[in-house]
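The structure under discussion appears below in the form of structure tokens.
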Amino acid sequence: MFSSTKFNFIIPIISVILGLVAGAIIMLIFGYNPVLGYQALWNGVFDSPFFMSETVNRITPYILTGLAIAFAFRTGLFNIGAEGQVLVGWVAAVWVGTAIDAPAFIHLPLALLAAAAAGAFWAFIPGILKAKLGVHEVIVSIMMNYIALHITNYLIRSVLTDNQETTEPVKQTASLTNDFLIGLTGSRLHLGFIVALLMVLIMWVILERTKLGYELKAVGYNQHASNYAGMKVERNIVISMLISGLFAGLAGAMQGLGSFGNAFTNTAFSNLGFDGIAVALLGGNNPFGVVLSASLFGFLKVGSLNMSTAGVPNEIIEIVIALIILFVASGFIIRWALLQLKKGEKK
Amino acid sequence: MENYVIEMLNIRKEFPGIVANDNITLQVKKGEIHALLGENGAGKSTLMNVLFGLYQPEKGEIRVDGKKVEINDPNVANRLGIGMVHQHFMLIDTFTVAQNIVLGSEPKKGLKIDMKKAVREVQELSDRYGLQVDATAKISDISVGMQQRVEILKTLYRGANVVILDEPTAVLTPQEIKELIVILRTLIKEGKSIILITHKLKEIMEVCDRCTVIRKGQGIGTVDVSETNPNELASLMVGREIRFSTEKIPAEPKETILSIQGLTVQDSRHVDMVKELDLDIRAGEIVGIAGVDGNGQTELIEAITGLRKKSAGKVTLKNQDITNMPVRAITESGVGHIPQDRHKLGLVLDYSIGENIVLQTYYQKPYSTGGFLSFKRIFDKAKALIAEYDVRTPSHLSKARTLSGGNQQKAIIGREIDRNPDLLIAAQPTRGLDVGAIEFIHKRLIEQRDQGKAVLLVSFELDEILNVSDRIAVMFDGKIIATVNPKETNEQELGLLMAGSKLEKEGAQN
């Protein structure tokens with residue numbers, strides 16, 4: 001028999017393998033060479049330090065949005081509003097990064113803090129509505145996504161700039177980029193991954209080692225029992241959303257202070273928040289699992305850009321990702337198949 | 348050779364780290380009611396799940412009508428004429444009785460479901476066995492007892508010859524239990540055989556022909572009910588002598604611990620459920636609240652413990668006004684609460700049993716320092732309480748969900764008593780538990796009383812109220828309508844009081 005923790009580990013791995021195999025089959029059907037395709041995917045990341053660094057830059061916000069979603073899930077909430085929280089975090093970070101003059105040891109933390117606070121505030125609204133009025137957080141946070149999209153566009157056009165689509169770059173004192181890293185790789189590799197990994201540890205510590213985490217999870221599992229134990233259920237729902245939004249806001253800062261170094265108007269969502277749902281799901285809502293699944297996502301997204309050199313359209317990777325998620329979501333089928341195999345062996 | 352309809356021979360079923368069934372043999376004769384008796388967690392449900400095809404045994408064989416069979420899923424069991432009524436019903440609330448019954452084997456007319464035929468068939472079946480079920484009623488509109496009959500009908504509709512009933516009386520009122528017994532006898536007359544999973548000795552003595560006892564996963568043996576008595580069955584089941592009436596020294600009540608004055612409480616529909624209720628409980632006494640479910644007992648307890656708002660009145664604990672305190676402050680001021688619904692209130696089922704042990708104290712030293720938890724200290728405490736209260740669990744890390752009801756309850760009781768509260772509230776503390784666990788829990792409650800604690804016991808079981816309480820307060824329609832001495836009353840008088848009649852001599856006679 002497999003224990004459930006083993007399943008949590010095995011199912012994502014099998015799903016990834018199945019997703020890649022299915023991708024290969026699709027490539028074959030449409031007359032592409034899957035070996036060359038996947039080779040190009042691999043080389044697209046590992047052939048040059050430049051693309052490896054770009055991959056790390058891509059992974060960093062995925063980790064943070066993955067954490068945001070996973071943290072909410074673990075405490076019984078579905079924060080589908082990470083997308084909007086990323087956007088407000090992004091603009092808040094750039095705002096502080098452009099508008100203030102301060103030494104780096106103040107400026108950078110301040111800009112990060114602004115992003116975290118903005119994301120947390122954006123998540124606070126669905127949180128408080130759920131806690132006080134019982135409005136489902138999914139509905140409110142979806143709407144908050146659109147509000148974020150349009151408000152950030154307005155802020156960029158009318159407050160941060162004078163009718164421009166792009167802001168000034170953030171001042172060097174607020175930037176996550178680092179001359180040493182840039183010199184090493186020639187890319188825009190920035191220090192954000194340190195922030196992301198720090199947050200991974202923080203999430204783990206909160207959930208597994210603190211009184212707060214014990215309460216948040218208890219409320220997520222069983223509000224009645226939490227109430228019986230004297231926990232403040234409403235307050236804990238709000239705190240969960242705040243922490244979740246904080247992670248998502250920081251994901252925005254990674255873009256605004258790192259990868260792009262500015263903010264620009266968007267006509268559509270960045271998808272960082274939505275992809276975070278998939279990252280969390282594949283990572284089993286475990287902070288360390290999120291690092292692994294975010295890495296896979298970053299690798300696939302960056303590597304796919306190189307697949308056209310093998311004549312394979314890079315959209316194939318979107319299909320592979322979608323299939324992986326499908327396999328994870330239907331994990332019970334894999335579980336069943338494994339148990340059947342196990343049984344077959346016995347006989 | 349005897350004519351057995353079901354034979355389970357030397358069944359062994361293992362789970363990781365535990366042998367749930369070890370060499371158990373169960374042979375059911377045609378046309379008998381066969382009891383399967385065992386403590387919570389003894390392996391009764393596992394054995395029945397093996398028979399029903401939900402689990403595969405590691406060893407042993409199953410025979411139906413003398414032929415060896417392999418039952419690897421419930422559909423096979425159905426085809427072999429084995430039907431099961433689970434303790435938790437598997438019905439769709441918004442469907443009618445007939446829709447639920449035919450679900451999965453609907454009579455068809457072309458591509459459409461022939462609902463008329465379904466209703467007719469179900470009604471015929473119900474009439475034949477005297478079940479008095481209305482085939483067109485919606486499940487959500489009928490009582491729990493009726494829902495159970497629907498479950499029985501469901502097995503009959505699928506052609507069951509052998510009906511397994513898992514703890515069928517746990518959810519029923521005394522009246523419904525009587526009706527169920529009549530139904531079971533009708534089924535037997537019609538040639539069906541019944542396996543009754545239970546730990547209630549009274550019922551076995553009343554309806555069963557033979558009884559197979561299992562203890563800690565081992566088959567102990569099968570006895571003819573006519574040749575045994577409750578005491579023997581109990582000691583077979585538990586493996587030692589059981590005393591039915593708990594021994595206790597007379598109470599020596601001292602100062603008043605809990606005082607309730609003019610308490611009025613509304614339920615979620617804003618109906619007054621507790622109406623200007625007065626009640627005092629003193630140190631060193633157990634006050635039992637007798638009453639039919641739904642007369643405000645739940646609301647009363649929720650109000651005392653702060654889980655529910657009070658619309659009027661005053662509650663004091665040791666002369667301290669706790670009327671408007673939040674839950675935690677009330678808990679800390681010296682109230683222990685063994686809640687009626689242990690799954691909903693008493694435990695976080697997805698937490699380990701160790702984590703549940705500190706559900707009321709996790710935020711205090713030494714478990715929490717500076718916001719960080721010490722799982723070493725938490726689990727040390729958990730291990731100590733698990734040992735002291737005989738909670739049977741593979742480990743303190745096992746999820747609370749995986750424990751049997753009795754062991755879950757022991758963990759809750761250990762947790763609440765260990766905090767050394769001045770007032771211990773026990774709501775239905777033995778619901779669904781076996782005699783061994785009941786004896787254990789009653790002893791603990793009396794022990795608390797002897798240590799000078801005030802104990803408030805709410806129970807729908809008259810036996811329990813009469814046995815354990817030092818004073819009985821009868822609750823009817825939100826009020827305490829009488830207070831009686833358990834030594835000077837009996838079930839009849841209490842029954843009448845619970846139905847709302849006044850304590851008058853002629854009232855008691857009628």
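Those protein sequences? They're chains G and E, same order as listed. For the first sequence, this note's numbering gives the first residue as 1, with consecutive numbering after it. For the second sequence, this note's numbering gives the first residue as 348, with consecutive numbering after it. Yeah, the Cβ is synthetic: ideal placement off N, Cα and C, and Gly gets one too. Keep in mind that this is a model prediction, so the values were computed, not measured.
Neighbourhood of residue i by C-beta, 7 Å cutoff - its chain only, sequence neighbours within 5 removed
{"i": "leucine 654/E", "result": "Val674"}
{"i": "methionine 1/G", "result": "With a pLDDT of 39 at methionine 1/G, under the threshold of 50, the predicted position of this residue should be treated as unreliable, and no value is reported."}
{"i": "aspartate 461/E", "result": "Pro454, Lys455"}
{"i": "leucine 531/E", "result": "Ile380, Ile541, Val554"}
{"i": "aspartate 481/E", "result": "Val444"}
{"i": "valine 16/G", "result": "Leu296, Ile324"}
{"i": "aspartate 614/E", "result": "Met620, Glu646"}
Close Cβ partners of residue i (< 6 Å) along its chain, the five nearest in sequence each way excluded
{"i": "glutamate 838/E", "result": "Leu809"}
{"i": "glycine 363/G", "result": "There is simply no residue 363/G to check, as chain G begins at 1 and stops at 347 in what is shown."}
{"i": "alanine 24/G", "result": "Pro34"}
{"i": "leucine 580/E", "result": "Leu548"}
{"i": "alanine 278/G", "result": "Ile325"}
{"i": "isoleucine 14/G", "result": "Ile334"}
Nonlocal neighbours in the same chain, by C-beta distance under 8 Å from residue i, ignoring five residues either side
{"i": "glutamate 853/E", "result": "With a pLDDT of 42 at glutamate 853/E, under the threshold of 50, the predicted position of this residue should be treated as unreliable, and no value is reported."}
{"i": "lysine 347/G", "result": "Since pLDDT at lysine 347/G reaches only 49, below the 50 mark, its modelled position is unreliable, and no value is offered."}
{"i": "glycine 261/G", "result": "Pro169, Val170, Ser175, Thr177, Arg188"}
{"i": "aspartate 625/E", "result": "Ile607, Gln608, Gly609, Leu610, Ile827"}
{"i": "alanine 517/E", "result": "Gln434, Arg778, Gly779"}
{"i": "arginine 475/E", "result": "Glu537"}
{"i": "glutamine 164/G", "result": "Ile156, Arg157"}
{"i": "asparagine 153/G", "result": "Thr265, Asn266"}
{"i": "threonine 161/G", "result": "Thr167, Glu168"}
Residue range of the beta strand (DSSP E) that includes residue i
{"i": "glycine 609/E", "result": "603-613"}
{"i": "arginine 359/E", "result": "351-362"}
{"i": "arginine 762/E", "result": "It is not in any beta strand (DSSP E) - arginine 762/E instead sits in the alpha helix (DSSP H) that spans 752-765."}
{"i": "threonine 372/E", "result": "365-376"}
{"i": "serine 308/G", "result": "Looking at the DSSP string, serine 308/G is not in any beta strand (DSSP E), and its letter there is neither H nor E."}
{"i": "valine 328/G", "result": "Premise fails: valine 328/G lies in the alpha helix (DSSP H), 315-329, not in any beta strand (DSSP E)."}
{"i": "arginine 474/E", "result": "The sequence given here has aspartate at residue 474/E, not arginine. No beta strand (DSSP E) contains aspartate 474/E, which is instead part of the alpha helix (DSSP H) from 462-475."}
{"i": "isoleucine 561/E", "result": "557-562"}
{"i": "leucine 257/G", "result": "Segment: none, leucine 257/G is in no beta strand (DSSP E) and carries neither H nor E."}
{"i": "glutamate 498/E", "result": "Counting along the chain, glutamate 498/E falls outside any beta strand (DSSP E), though it belongs to the alpha helix (DSSP H) covering 491-504."}
Nearest-angstrom beta carbon gap, residue j and residue i [assumed within contact, 8 Å]
{"i": "glutamate 632/E", "j": "arginine 796/E", "result": "6 Å"}
{"i": "arginine 209/G", "j": "phenylalanine 726/E", "result": "Their Cβ separation, rounded to whole angstroms, is 14 Å, which puts arginine 209/G and phenylalanine 726/E out of contact at 8 Å."}
{"i": "leucine 605/E", "j": "alanine 801/E", "result": "6 Å"}
{"i": "proline 61/G", "j": "serine 293/G", "result": "Contact flag wrong, Cβ pair sits at about 13 Å."}
{"i": "alanine 225/G", "j": "leucine 694/E", "result": "6 Å"}
{"i": "alanine 302/G", "j": "phenylalanine 51/G", "result": "At residue 302/G the sequence reads valine, which differs from the alanine that was named. Sure, about 6 Å apart at Cβ, within 8 Å."}
{"i": "proline 421/E", "j": "phenylalanine 442/E", "result": "Rounded, the Cβ-Cβ distance is 20 Å, inconsistent with contact."}
Delimiting residues of the alpha helix (DSSP H) encompassing residue i
{"i": "leucine 155/G", "result": "Unbroken run through leucine 155/G: none, as it is neither H nor E."}
{"i": "histidine 381/E", "result": "From DSSP, histidine 381/E is part of no alpha helix (DSSP H) but of the beta strand (DSSP E) over 380-384."}
{"i": "threonine 777/E", "result": "Premise fails: threonine 777/E is in no alpha helix (DSSP H) and is neither H nor E."}
{"i": "glycine 97/G", "result": "82-99"}
{"i": "glutamine 223/G", "result": "223-228"}
{"i": "glutamine 522/E", "result": "521-536"}
{"i": "valine 233/G", "result": "233-253"}
Check: residue i C-beta below 7 Å from any heavy atom of the ligand NAD
{"i": "glycine 390/E", "result": "The ligand NAD is not part of the structure shown, which contains no ligands of any sort."}
Item checked: Length at least 4, wholly inside the stretch 411-446 of chain E: the alpha helix (DSSP H) runs in chain order -> 421-426
Margin query: When you compare the stretch 456-472 of chain E with the stretch 544-552 of chain E, are there three or more beta-carbon pairs, one atom per stretch, that lie closer than 8 Å?
Written below: no
Next item on the list: For the stretch 179-214 of chain G, list the alpha helix (DSSP H) runs that are entirely contained and at least 4 residues long, ordered along the chain.
Entry: Runs of the alpha helix (DSSP H) inside the stretch 179-214 of chain G: 179-185, 192-209.
Next item on the list: Mind the definition here: the stretch 379-395 of chain E touches the stretch 752-762 of chain E only if three or more C-beta pairs lie below 8 Å; say whether that holds.
Entry: yes
Checklist line | Complete runs of the beta strand (DSSP E) confined to the stretch 649-711 of chain E [at least 3 residues] | finding: Whole beta strand (DSSP E) segments, 3+ residues: 657-664, 682-685.
Item checked: Any 3 or more C-beta pairs closer than 8 Å across the stretch 42-54 of chain G and the stretch 203-223 of chain G -> no
Margin query: What ranges does the alpha helix (DSSP H) occupy inside the stretch 789-839 of chain E, keeping only unbroken runs of at least 4 residues that lie completely in it?
Written below: 809-815
Note to self: Contact between the stretch 90-104 of chain G and the stretch 239-258 of chain G is defined here as three or more beta-carbon pairs at a separation below 8 Å; is this criterion met?
What the structure shows: yes
Checklist line | Ordered list of beta strand (DSSP E) runs contained in the stretch 117-174 of chain G, each at least 3 residues | finding: Secondary structure in the stretch 117-174 of chain G: no beta strand (DSSP E) run of 3 residues or longer lies completely within the stretch.
Notebook entry, point to check: Is the stretch 421-434 of chain E touching the stretch 502-511 of chain E in the sense that three or more CB pairs, one from each, lie closer than 8 Å?
Noted result: yes
Note to self: Taking contact to mean 3 or more Cβ pairs, one atom from each stretch, closer than 8 Å, check whether the stretch 367-379 of chain E and the stretch 564-581 of chain E are in contact.
What the structure shows: yes
Next item on the list: Specify whether the stretch 223-237 of chain G and the stretch 289-303 of chain G touch according to this definition: at least 3 beta carbon pairs, one from each stretch, less than 8 Å apart.
Entry: Counting Cβ pairs under 8 Å, fewer than three are found: no touch.
Next item on the list: Specify whether the stretch 754-769 of chain E and the stretch 735-746 of chain E touch according to this definition: at least 3 beta carbon pairs, one from each stretch, less than 8 Å apart.
Entry: Touching, yes.
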